[in-house]
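Let me begin by presenting the structure, written as structure tokens, before commenting on it.
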Amino acid sequence: MSPTVDLLIPQMATGDATSNHTRLIQQLLEEKGFETRVVVERRSRSDGSDLSVEKWKGDARVSILQHSIGSEVAQFVIRKKTPVVLNYHNITPASYFQAWQPELAKSVKRGRQQLGQLARLTRRGIADSEFNAQELRDLGIDDVVVAPVLWKLGSGGPPAGQGDRMDIDGAGTVLFVGRLAPNKCQHDLIAAFAVLSRFRPQSRLVLVGQASPPQYLYSLKSFARQLGVHSRVVFAGKVSDKNLLQWYQLSDVLACTSEHEGFGVPLVEAMANGLPVVAYDAAAVAETVQDAGIVIRDKRPLTMALALHRVLSDPQLRQSLRGRGIESAQRFDISVTREQMWIALKDLVEVED
Amino acid sequence: MSELDLEKVSAEIEADAEKRRGQDREIARLEQDIEQAWAEIAESESSLLAIDEDGDPLEQAASLAAIDPHVPIGSRRGLRSIKWLIRKLSYWYARFLTDQFNVFAGALIRHLRNVETRLGRLEGAAGYLGDSTVPAGFGVLDNPPEPSAGVVSHVAGLAGSGPCLVLSGGEGAIVEAIGERGISAHGVEQDPDRVLAGLRRRIDIRSGGVLPHLVGAEDGEFGTIVLTGFVENLPLRDLIGMVNQASLKLKRTGRIVVAVADPASRARVDAELGSGLGLSPVTWRHLLQQAGFDASLEPCSDSRITEIVVAQRTAPPSQP
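Take a look at the structure:
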């Protein structure tokens, strides 16, 4: 007997946003009384409840495919011509990885090719953002719904209007959270930080996140050294949830110079923790931040540095950004996003065969 | 303030940047230099990875191969014997090639090691400490624990004049205690968790390697340099370089304080893994005396760090 809903994903991994998102959809549907099953390319759970895609028959009432990279799971869907709900998290253009990580470049290229083939099999597209939704519409998918990625928003920041963060030493701590990857352009952030150091010599930059590929990290370190700011740049690596929360609370501004963000979870986490955001206007960034952060269209070092300097020097602006951020982040509270996801799936899963 | 127009703020910032670029040539040049610096670094790193976009080398080699490994040659007895023979010959030939390659690789590695040793000696003679942020010894032994309250207060009491540099700074207890005595101090630490802990307590702990930080400091910048924490895990070459560098970076009347555990007190596993890493307080005193300091040992009431070395400069700094 097949379950009502199959949730297809390349791999379930601890600490991975798409995996957590899939588990939360599973939890949501099971709470609504539907039987579900996770179908993976490579099984990793010791309890064995996940099904390997080789054994998947594609006969559930609804199959939801998580798509953000080329995968065997997507290839099975295409080969079996199974109609799916396509939950699209966007695919980073291969050009960002070609020089750094050719294997990953191939994988994302394959993901793009598969996306074109999946468009013909898509019953409904679910996109994290309007930016992602537009990509699906451009592929000819008419039924597209925007429902943000599901995750439990960690927050421990001060309530709006209370306290100021510039309390370490008044120097200013600039934070970035996310993979250290060419498309995230942390080199632009280090460049901006080098200019910021001219205005605020004691400020520091903290980069939280795992490097992918490692060569990019080595280059970032060389770059920081060459610009003479290495002693004030902290490469914190991958950190625990608890430490991540502490970095949000400790820092004075979150900066994002990424050129490709399908959504931008750290932007929302920062806002929820009362941390002002300064971000470069690319992909879905402006849509995620809305009017709760400084979004600039030019990320040359001086412009970005002046934006950071302005936020660090203007307590009233910081206070305003903090209040707006906390309020704006409520849009992504799990209770809200679960409801959006339920609305996106309800009519499909409730229809009897 | 809730009526603040953030789009207007963004536009103001962009306009201000453009104005400064027009007025200040130095800023415009700085942006160009930064861009150029990244272009050079990125090119040198990524070019190491560049491969043909048409496919990986193995796939290309397979497509160019004269023999198709998948030719269906049937399974009659005679053919089976030929296939078996070809397989055996291929196996021995592949093994022969592998042995040749291994011999070549071994010789090459020996040669490269010789070159590395010679370069190391040259660098050592020139007083160069390398520019790695992860020094040798990192990861071999656990980072030493944070200093006890007794060590912190003892070391802080020995800090003569400022500014004071603490290598490695850990979570900042020593920096904090020195600061409470009215002496300006900062620490350098390479463990991000400890940097985070220090910053949470509003202590000036900077991220980075202890040696590069010392090399990058100005000559005669510090009144006191405290060597502790991760210094326990550095190899002799780095420690000798550190003494030379610390000597250069101290003021004429500066002082070096060394608070480290004796490597002889390590448990067996640590003793074997950390062989050659760290020095006892007695050897530190000797090294510092050799470098022209008036160095002495002070007993300390701590189970790990039983003696602290205090070295006061008595002679002009020596060149490395």
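Heads up: the protein sequence lines correspond to chains A and B, in order. For the first sequence, position 92 matches number 92 in the numbering used here, and the numbering has no gaps at all. Each position in the second sequence, counted from 1, maps to that position plus 1000 in the numbering used here. Using N, Cα and C, we set each Cβ at its ideal position, and we do this for glycine too. Keep in mind the model is a prediction, meaning the values are calculated, not measured.
ask   = The beta strand (DSSP E) with residue 260 of chain A in it runs from where to where?
value = Segment: none, residue 260 of chain A is in no beta strand (DSSP E) and carries neither H nor E.
inquiry  = Can you check whether the C-beta of residue 1017 of chain B is within less than 7 angstroms of a C-beta belonging to chain A?
reply    = Yes, contact with chain A.
key: Beta-carbon separation (whole angstroms), residue 248 of chain A vs residue 275 of chain A, contact threshold 8 angstroms   = Correct: roughly 5 angstroms between the Cβ atoms.
ask   = DSSP state of residue 34 of chain A, grouped into three classes?
value = DSSP places residue 34 of chain A outside both helix and strand once states are collapsed to three, so it counts as coil.
ask   = Are residue 176 of chain A and residue 196 of chain A close, meaning C-beta to C-beta below 7 angstroms?
value = The Cβ atoms of residue 176 of chain A and residue 196 of chain A do not sit closer than 7 angstroms to each other.
key: N-terminal and C-terminal residue of the alpha helix (DSSP H) that residue 338 of chain A is part of   = Boundaries of the alpha helix (DSSP H) harbouring residue 338 of chain A: 334-350, taken from the DSSP string.
message = What would DSSP say about residue 1304 of chain B, mapped onto helix, strand or coil?
response = Note: residue 1304 of chain B maps to coil in three-state DSSP.
ask   = Do residue 133 of chain A and residue 149 of chain A have their C-beta atoms within less than 7 angstroms of each other?
value = In terms of Cβ geometry, residue 133 of chain A and residue 149 of chain A do not form a close pair [threshold 7 angstroms].
ask   = Using CA coordinates, which residue listed in B:1264, B:1101 and B:1226 is at the minimum distance from residue 1247 of chain B?
value = Closest by alpha carbon: B:1226.
Residue(s) in a DSSP beta bridge with residue 1235 of chain B = Residue 1235 of chain B is bridged to B:1277.
message = Less than 7 angstroms between the beta carbons of residue 146 of chain A and residue 127 of chain A, yes or no?
response = In this structure, residue 127 of chain A lies closer than 7 angstroms to residue 146 of chain A by Cβ.
inquiry  = For the beta strand (DSSP E) containing residue 1162 of chain B, name the first residue and the last one.
reply    = Note, residue 1162 of chain B: premise wrong, no beta strand (DSSP E); not H, not E.
inquiry  = So the candidates are B:1106, B:1269 and B:1153; which of them puts its Cα closest to the Cα of residue 1305 of chain B?
reply    = Ranked by Cα distance from residue 1305 of chain B, the options B:1106, B:1269 and B:1153 are led by B:1153.
task = Return the residue from the list B:1181, B:1286 and B:1198 that minimises the CA-CA distance to residue 1187 of chain B.
result = The shortest C-alpha separation from residue 1187 of chain B is found at B:1198.
query = Using the C-alpha atoms, what's the distance from residue 1307 of chain B back to residue 1300 of chain B?
reply = When only Cα atoms are considered, residue 1300 of chain B and residue 1307 of chain B end up about 5 angstroms apart.
key: CB contact below 7 angstroms: residue 92 of chain A versus chain B   = Cβ-Cβ to chain B under 7 angstroms: no for residue 92 of chain A.
ask   = Thinking C-beta only, is residue 309 of chain A closer than 7 angstroms to residue 199 of chain A?
value = Inclusion of residue 199 of chain A and residue 309 of chain A in the CB contact set at 7 angstroms is warranted, their separation being smaller than that value.
query = With a CB to CB cut of under 8 angstroms and the five nearest residues on each side skipped, what residues in its chain are close to residue 287 of chain A?
reply = In chain order, 129, 130 and 131 place their CB closer than 8 angstroms to the CB of residue 287 of chain A, counting only its own chain and leaving out the 5 sequence neighbours on each side.
request  = Would you kindly report the start and end of the unbroken beta strand (DSSP E) that includes residue 10 of chain A?
outcome  = Following the DSSP letters along the chain, one finds residue 10 of chain A inside the beta strand (DSSP E) bounded by residues 5-11.
task = Give me the Cβ distance between residue 278 of chain A and residue 255 of chain A, rounded to the nearest whole Å; I'm assuming they're in contact under 8 angstroms.
result = Right, their Cβ atoms sit about 5 angstroms apart.
inquiry  = Considering just the uninterrupted stretch of the alpha helix (DSSP H) at residue 307 of chain A, what are its terminal residues?
reply    = Unbroken alpha helix (DSSP H) run through residue 307 of chain A: 301-313.
request  = Determine the contact status of residue 283 of chain A and residue 261 of chain A, defining contact as a CB-CB distance below 7 angstroms.
outcome  = Their beta carbons are under 7 angstroms apart, which means residue 283 of chain A touches residue 261 of chain A by this criterion.
request  = Would you check if there are 3 or more beta carbon pairs closer than 8 angstroms linking the stretch 106-120 of chain A to the stretch 63-78 of chain A?
outcome  = At 8 angstroms Cβ cutoff, the stretches touch.
task = Consider the Cβ of residue 37 of chain A: report whether some Cβ of chain B lies at a distance smaller than 7 angstroms.
result = With a threshold of 7 angstroms between beta carbons, residue 37 of chain A makes no contact with chain B.
message = In whole angstroms, give me the CA-to-CA distance for residue 94 of chain A and residue 1203 of chain B.
response = Roughly 43 angstroms between the two C-alpha positions.
query = Looking at C-alpha atoms only, which residue of A:229, A:107 and A:139 is the closest neighbour of residue 193 of chain A?
reply = Its Cα nearest to that of residue 193 of chain A, the residue A:229 stands out among A:229, A:107 and A:139.
task = Take residue 1064 of chain B and list the residues in its own chain whose beta-carbon comes closer than 8 angstroms to its own, dropping the five residues that flank it on each side.
result = Confidence in residue 1064 of chain B is poor, its pLDDT being 46 and thus under 50, which makes the residue's placement unreliable; the coordinate value appears in the next sentence. Cβ contact annotation for residue 1064 of chain B (same chain, cutoff 8 angstroms, sequence separation greater than five): none.
message = Under DSSP, the alpha helix (DSSP H) around residue 113 of chain A begins and ends at which residues?
response = 102-119 is the extent of the alpha helix (DSSP H) around residue 113 of chain A.
key: Contacts around residue 58 of chain A, its chain only, beta-carbon distance under 7 angstroms, and the 5 residues preceding and following it disregarded   = Excluding residues within five positions, the ones whose Cβ falls inside 7 angstroms are 80 and 82.
key: As assigned by DSSP and simplified to three states, the class of residue 52 of chain A   = Note: residue 52 of chain A maps to strand in three-state DSSP.
inquiry  = Using a 10 Å radius around the Cβ and a threshold of 16 neighbouring Cβ atoms, would you call residue 1115 of chain B buried or exposed?
reply    = Around the beta carbon of residue 1115 of chain B, fewer than 16 other beta carbons sit within 10 angstroms, so the residue counts as exposed.
query = Taking the continuous beta strand (DSSP E) assigned at residue 1294 of chain B, which residues delimit it?
reply = Where residue 1294 of chain B is concerned, the enclosing beta strand (DSSP E) starts and stops at 1293-1299.
query = In the structure shown, what three-state DSSP assignment does residue 1151 of chain B receive?
reply = The answer is helix: DSSP assigns residue 1151 of chain B an H, G or I state.
query = Between the C-alpha atoms of residue 1250 of chain B and residue 1221 of chain B, what's the straight-line distance to the nearest angstrom?
reply = Those two C-alpha atoms are separated by around 6 angstroms.
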